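Shown next, in structure tokens, is the structure this report addresses.
In the working numbering, the protein residues as written are 511 to 717.
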């Protein structure tokens with residue numbers, strides 16, 4: 511998903527050819543991926559970064575999961591064992607581009623685990639995923655009741671949401687580079703009671 515301490519996005523234009531798209535709404539929950547517990551081992555197709563294959567082209571390494579399968583399994587782990595999903599699908603040599611610029615892999619998982627622990631009824635939903643070559647664009651949203659301390663902000667009891675977009679470059683079953691964008695400042699304001707918690711939801715004018 512996100513490095514919750516901040517990210518800056520850098521995306522290349524996606525052509526119409528070689529594009530796969532999956533959509534799922536909040537009403538249907540996290541239907542795009544199977545839970546991590548039932549996911550196959552973390553391996554992915556190694557796509558040539560200089561040639562974006564079509565959606566129907568054969569994988570170069572059939573024993574690997576596709577980039578879409580890898581990212582779907584990772585985001586599904588937010589609703590299960592996030593730490594295990596992170597270890598399985600996020601490379602230890604990750605290049606991370608956070609909301610505020612490059613950050614550390616360890617900061618990403620530490621921040622996201624803190625958020626998940628502080629939100630009762632935490633739920634991650636994948637809204638869209640678009641694939642080209644070895645890159646997957648994911649539009650996501652999560653929500654929950656603020657019942658624990660998050661980044662030093664004490665529990666407010668408010669129901670809060672955050673939505674954003676992330677890009678993962680997947681090689682050999684793991685994300686080796688990650689970009690993310692989201693309205694994180696407004697999310698923190700909602701936790702602190704300084705803004706309407708609904709203002710950080712998908713489709714709002716604040717995005």
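Even for Gly, the Cβ is constructed at its ideal location relative to N, Cα and C.
These numbers come from a predicted model, not from an experiment.
- By the Cβ-count criterion, residue 605 is exposed, with fewer than 16 other Cβ atoms from all chains shown falling within 10 Å of its own Cβ.
- If you look at residue 681, you'll find it isn't in any alpha helix (DSSP H); it sits in the beta strand (DSSP E) that goes 669-681.
- Annotation: the continuous beta strand (DSSP E) that includes residue 632 extends over 629-642.
- Under the DSSP assignment, residue 648 falls in the beta strand (DSSP E) whose first and last residues are 645-656.
- Around the C-beta of residue 594, fewer than 16 other C-beta atoms lie within 10 Å, and the residue is accordingly described as exposed.
- Using a Cβ-Cβ distance cut-off of 8 Å, the region 648-661 and the region 621-632 are in contact, since at least three pairs of beta carbons, one from each stretch, lie closer than that value.
- Nearest C-alpha to residue 612 among 702, 666, 691 and 672: 691.
- Counting along the chain, the unbroken beta strand (DSSP E) around residue 603 starts and ends at 600-608.
- In the DSSP annotation of this structure, the continuous segment of the beta strand (DSSP E) that includes residue 692 starts and ends at 684-692.
- The closest CA to that of residue 602, considering only 635, 591 and 614, is found on 614.
- Pairing residue 580 with residue 665, the inter-Cα distance amounts to about 34 Å.
- In this structure, residue 648 lies near residue 585, with their beta-carbon atoms less than 8 Å apart.
- Taking the Cα of residue 673 as reference, the smallest distance to any Cα among 609, 646 and 651 is reached at 651.
- The closest CA to that of residue 655, considering only 596, 668 and 696, is found on 668.
- Where residue 583 is concerned, the enclosing alpha helix (DSSP H) starts and stops at 577-586.
- Pairing residue 638 with residue 588, the inter-Cα distance amounts to about 16 Å.
- Residue state for residue 621 is assigned as helix, using DSSP reduced to three classes.
- CA-CA distance, residue 582 to residue 702, rounds to 31 Å.
- Collapsing the DSSP output to three states places residue 595 in a helix.
- Between residue 578 and residue 686, the C-beta gap is not smaller than 8 Å, which leaves the two residues out of contact.
- The three-state secondary structure of residue 611, taken from DSSP, is strand.
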